[in-house]
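Residue 259 is where the sequence shown starts when you use my numbering, and the numbers rise one by one after that.
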Amino acid sequence: MIKRLLYFFILTLSGTLFAQHYGMPGGYSRILAMGESPYIEDYDNIKFNAAYIAEFSDFAYGDLGNSLNQGQFAGFNLEVMEHFHLGAVISNKSFQHVDYVASISMIDNTPAQEIAHVTHDATYSPVELNNTLAFMAAYNWHHTILGLGISYNASSNTYTAPDTVAYSRESSASQIGINLGAIVPITDYLKVDISTSIILPSASYSVTSDTATDEYTFSKSIIAVDSRIYYKMGHFELVPLLAFEMIGEKLEEPDHGQEKENLPSEMKFSAGIGFNYYTQRLTFTCGVKMTQESIVYDATETSPEETLDNFAFPIVNMGVEYRLTKWLTARYGYIAESNSYTTVTALNETDTQERSYTLYHKEGGSTLGLGFKFDRFNIDAAMDADIIRKGLGNLSGDHDTFSYISVGCKL
């Protein structure tokens with residue numbers, strides 16, 4: 259009898275510790291259903307910190323996305339030897355991730371689209387990237403996990419006219435991404451999650467005729483830093499976060515006497531604080547965040563400096579999940595966001611006009627979700643918030659019952 263009680267106590271304790279650390283992971287669908295909370299840990303964190311493949315090792319996961327097939331990707335992580343983990347993710351251009359930090363699995367087709375804007379060439383067909391492959395590695399060194407992720411994608415189109423015509427054109431696009439991540443335990447109750455991502459999308463277009471060759475090159479750089487601190491206090495967990503992102507663009511084009519394209523530079527800074535409450539069956543998360551975003555178009559010979567500033571505060575993310583049975587988890591969340599915009603635009607070569615206005619989260623309000631767990635396999639879904647009023651869409655209507663679906667399997 260004593261052995262049975264001891265066994266039950268150990269199981270309960272280990273389950274509670276797991277719950278205190280992760281809750282009930284369910285990928286991006288779980289994040290969406292819990293008010294897009296950036297304060298909880300989940301295998302979705304792998305998207306922007308490669309070190310998390312060691313936290314969720316021997317695991318296959320992915321997103322089925324929404325009804326438009328947007329957001330689909332697949333990935334896996336394996337412990338190939340003691341303390342050393344490898345993983346891979348393949349994603350397409352509709353890849354979804356939390357919007358306050360960049361991911362090396364995302365695809366940016368801006369360079370090809372910008373070249374189409376400046377060439378005014380009816381024969382130019384932008385080469386857009388679609389499938390990106392990312393490889394990740396992580397090593398657990400004295401309980402500190404160090405992670406590295408590298409992604410690459412490239413595509414090109416070439417046309418050469420018959421030998422009797424001296425004409426050819428070539429367009430290409432590529433993107434490389436590098437992620438450095440770490441999960442550092444400071445004490446038994448305090449750990450730091452930090453990552454840096456560098457993403458370099460680019461595109462080029464060249465046209466060769468019997469008289470000249472015109473070349474267009476557009477390159478973009480994205481540098482993102484994301485950090486969170488987890489401080490445990492019994493069933494509670496305090497989570498401050500800081501994130502920074504900087505985006506720059508560069509265009510090289512032939513000089514035909516045209517006005518040069520004025521490209522923007524962008525900076526974004528986010529800071530927030532949240533807390534989580536965990537029990538064996540319940541996870542509650544809530545936090546407040548602010549974001550300052552600034553986009554600047556430098557002054558030119560024909561235009562003064564133009565700017566767009568957005569101060570978002572408060573951004574409130576709240577979510578709760580409750581394990582109803584061993585195989586079913588219910589989730590609810592709420593999002594509230596207020597954005598204060600200020601724009602300065604040119605009226606002529608010297609004068610500007612300023613406008614200020616407020617916008618709110620375009621899809622703000624309640625979020626719902628369900629998680630299903632069958633042995634090693636789990637499927638999680640964010641749901642249409644109107645499901646209670648409209649009923650199940652696949653039975654009685656043309657709306658979506660499940661707005662986003664994620665899957666995972668312990669290997």
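Note that CB positions come from ideal geometry on N, CA and C, so glycine has one too.
- For Glu-340 and Asn-398, the gap between their C-alpha atoms comes out near 9 Å.
- Take Ser-352, set aside five residues on each side of it, and the residues of its chain with a beta-carbon closer than 6 Å to its own are Gln-328 and Gly-329, in chain order.
- The alpha carbon of Val-602 has as its nearest neighbour, out of Ser-561, Ala-308 and Thr-445, the alpha carbon of Ser-561.
- Taking the CA atoms as reference points, Thr-616 sits about 20 Å from Val-554.
- Excluding five sequence positions before and after Thr-402, the CB atoms of its chain that fall closer than 8 Å to its own CB belong to Ala-440, Ile-441, Val-442 and Pro-443, given in chain order.
- Between Phe-314 and Pro-283, the C-beta gap is smaller than 9 Å, which places the two residues in contact.
- According to the DSSP assignment, Leu-500 belongs to no alpha helix (DSSP H) but to the beta strand (DSSP E) extending over 494 to 510.
- Going by beta carbons, Lys-547 and Ile-505 fall outside the 9 Å limit.
- Rounded to the nearest whole angstrom, the CA to CA distance from Gly-345 to Val-338 is 10 Å.
- In the displayed model, Asn-597 falls within a strand according to three-state DSSP.
- The alpha carbon of Asp-472 has as its nearest neighbour, out of Ala-461, Pro-512 and Ile-457, the alpha carbon of Pro-512.
- Taking the Cα of Ile-593 as reference, the smallest distance to any Cα among Gly-623, Ala-604 and Pro-296 is reached at Gly-623.
- Three or more beta-carbon pairs drawn from the segment 365 to 383 and the segment 422 to 437 are found closer than 8 Å, and the two stretches are therefore classed as touching.
- The beta carbons of Val-359 and Ser-455 sit closer together than 9 Å.
- Between Ala-332 and Ile-348, the gap from beta carbon to beta carbon is short of 9 Å.
- Here Gly-591 is buried. Its C-beta has 16 or more other C-beta atoms within 10 Å.
- Looking at the DSSP output, Trp-399 sits in a beta bridge with Thr-402.
- Around Met-525, the same chain offers Met-504 and Ser-552 as residues with beta carbons nearer than 6 Å, after the five sequence neighbours per side are excluded.
- His-375 has its alpha-carbon roughly 13 Å from the corresponding atom of Ser-462.
- Collapsing the DSSP output to three states places Asp-468 in coil.
- The alpha carbon of Gly-492 has as its nearest neighbour, out of Ile-373, Tyr-310 and Tyr-535, the alpha carbon of Tyr-535.
- Fully contained in the segment 284 to 362 are the following alpha helix (DSSP H) runs of length 4 or more, in chain order: 285 to 291 and 310 to 313.
- Between Lys-449 and the set Leu-496, Ser-523, Ile-457 and Gly-629, the nearest pair of CA atoms involves Leu-496.
- The continuous beta strand (DSSP E) containing Ala-640 extends over residues 635 to 641.
- About 11 Å separates the beta carbon of Thr-541 from that of Tyr-297, a gap too long to meet the 8 Å contact definition.
- Residue pairing from DSSP places Pro-522 in a beta bridge opposite Tyr-555.
- Residue pairing of Glu-473 in beta bridges, as defined by DSSP: Ser-464.
- Restricting attention to Tyr-662, Leu-566, Ala-529 and Arg-634, the CA atom closest to the CA of Met-641 is found in Tyr-662.
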